[in-house]
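The next block holds one structure in the form of structure tokens; read it before the comments.
Chains as they are written, first to last, in my numbering: chain A, -8 to 241; chain B, 3 to 119; chain C, 43 to 169.
Laid out in structure tokens, this is it:
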């Protein structure tokens, strides 16, 4: 064990953590590290400490460290979490942490998951704003108190961390399923009065692995670090899609 | 970390239990359904149906029947919950609804046990 | 499916029709559930009333024989249950086993047919 002199002196030693960390790709294994436990220490701090003091080859992903960029999510003791805002004291069990790459995504190496299919599904769910074709019309007047705007606003703070995607069993059981984040995004666009292609958005989420594949298990909502409710968004989509189907609009 | 605690880590919450109970009760009912209908088909001959029904008087069979009644009741109440979730405006009272669904189904099962013995 | 293909109305209208089997099964599952909810409620009450003092063939048949109402009740019940159970089982098999595709769809249809046949045989026996 190396000295912890590199750490700020203000932090207090609380003993030692044993940290099992996934190493390698899909056929990798857990490797154990001993890390000093400090007050206000986040799981990301632990990973960074391991990389700086014990093993510089440890691969993981982070950028902002303040819960905005959505890049540092991983499985912490079995549950998906944003590690930069997760305090060790809240999640360690008897001084133990088990860190793995996000579930439901291929592993690149160690704690870095390949996010490609996660973001491909945002595209497949038509999670892209479709502007109204003409520029000469008047501005859209958006009443912030309207039901539609409230529904859209409830879902727009997604940081794309894929915690919900990793929490979702339907994704594991049906790898084509678009997943909570992409569907939540589609729901915000369907409720955006400025979007010009509502029926296009509905058509995209009505496909075979679309919103109706969801079983309302609620793990997405339970784990969303930003307190969003993809489960609610998906029930909204189910209703809108069925309505469109019954009206013959699909 | 044990496999069980890893599996439970992201799933141990009411909405997931509700899903699991609904799926397993549905599976049980779907497998029981053909047998149930097969036995009712015996009613063309009263004696053979009565022969079967006297078999169901055994305590252990009564207990199994109670299990079936609970499966049916919990699939009904859980199903009504799903329909409310998917077709009515969103409610933040999901946990309460799940508790009511489980509670009513359990009460129906106890009532059956009370009346059957 | 690429994002670009959503840009034209033609892409939306053509080529995507007939691909929404899962959505249609979802709708059939919910509609059969809505039909069955009151039927199951009546079924449960009937069970609770009938089980007092034990079941007998005479007791069951006295209620159902010659009754158009009970015949219609159980006939509708059989149809809705056949649809609902077959779709439910298909979903479970698709998600919990590696079995997918056309073979499974045929097996689910077979299960629905089995329930229909056994069900109508049972209805014919008690009415």
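Glycine residues also receive a C-beta, built at the ideal position from the N, C-alpha and C atoms.
Residue 9(A) and residue 38(A) do not touch by the CB rule: their CB atoms are close to 14 Å apart, not below 8 Å. Only 120, 123 and 127 from the segment 110 to 127 of chain C bring a Cβ to less than 8 Å from some Cβ of chain B. Exposure of residue 142(C) is indicated by the presence of fewer than 16 other C-beta atoms within 10 angstroms of its C-beta. CA-CA distance, residue 117(B) to residue 96(C), rounds to 9 Å. Residue pairing by DSSP places residue 9(A) opposite 25(A) and 87(A) in a beta bridge.
Partner residues in a beta bridge of residue 85(C), as assigned by DSSP, do not exist. Taking every protein chain shown into account, the CB of residue 84(A) has fewer than 16 other CB atoms within 10 angstroms, so this residue is exposed.
When rounded, the separation of the alpha-carbon atoms in residue 87(A) and residue 67(B) is 46 Å. For residue 136(A), the three-state secondary structure derived from DSSP is coil. Residue 9(A) has a beta carbon lying at 8 Å or more from every beta carbon in chain B. For residue 207(A), the nearest beta carbon of chain B is closer than 8 Å to its own beta carbon. If you keep only unbroken beta strand (DSSP E) runs of at least 3 residues inside the segment 63 to 118 of chain A, you get 64 to 67, 70 to 73, 87 to 91 and 98 to 100. Around the beta-carbon of residue 114(C), fewer than 16 other beta-carbon atoms lie within 10 Å, marking it exposed.
Only residues of its own chain outside the window of five on either side were considered, and among them 26 have a CB closer than 7 Å to the CB of residue 40(A), listed in chain order. Residue environment analysis places residue 147(A) among the exposed positions, since fewer than 16 neighbouring C-beta atoms fall within 10 angstroms of its C-beta.
The beta-carbon of residue 65(C) is placed no less than 8 Å from the nearest beta-carbon of chain B.
Near chain A, meaning a CB-to-CB distance below 7 Å, the residues of the segment 19 to 37 of chain B are 21. Interface with chain C (8 Å Cβ-Cβ cutoff): residue 162(A) is excluded. Of all alpha-carbon atoms in 50(A), 213(A), 197(A) and 169(A), the one lying nearest the alpha-carbon of residue 114(A) is that of 169(A). Nearest to residue 19(B) by C-alpha distance, out of 50(B), 77(B), 69(B) and 43(B), is 77(B). Residues of the segment 102 to 115 of chain B with a C-beta atom less than 8 Å from some C-beta of chain C are 110, 113 and 114, listed in chain order.
As DSSP reads the structure, residue 14(A) sits in a beta bridge with 20(A). Looking at 34(B), 84(B) and 53(B), the one whose alpha-carbon comes closest to that of residue 24(B) is 84(B).
The beta-carbon of residue 93(C) is placed less than 8 Å from the nearest beta-carbon of chain B. Chain-ordered, the chain A residues with CB closer than 8 Å to the CB of residue 84(B) read 207. Residues of the segment 134 to 146 of chain C that bring their beta carbon within less than 8 Å of a beta carbon in chain A comprise 136, 137 and 138, in sequence order. Residue pairing from DSSP places residue 4(A) in a beta bridge opposite 29(A). CA-to-CA, the gap between residue 164(C) and residue 153(A) works out to about 51 Å. The Cβ atoms of residue 200(A) and residue 177(A) lie no closer than 8 Å to each other.
Put simply, the CB of residue 161(C) is near chain B, with a gap under 8 Å to one of its CB atoms. Between the alpha carbons of residue 77(C) and residue 122(C) lies a gap of roughly 7 Å. In the three-state DSSP reduction, residue 208(A) falls in the coil class, being neither helix nor strand. For residue 163(A), the enclosing alpha helix (DSSP H) covers residues 160 to 164. Each of 127(C), 140(C) and 155(C) was checked against the Cα of residue 70(C), and the nearest Cα belongs to 127(C).
Residues of chain A whose Cβ lies closer than 7 Å to the Cβ of residue 105(C) do not exist; the shortest such Cβ separation is about 38 Å. In this structure residue 110(B) is in contact with residue 86(C), their Cβ atoms being roughly 6 Å apart against a cut-off of 8 Å.
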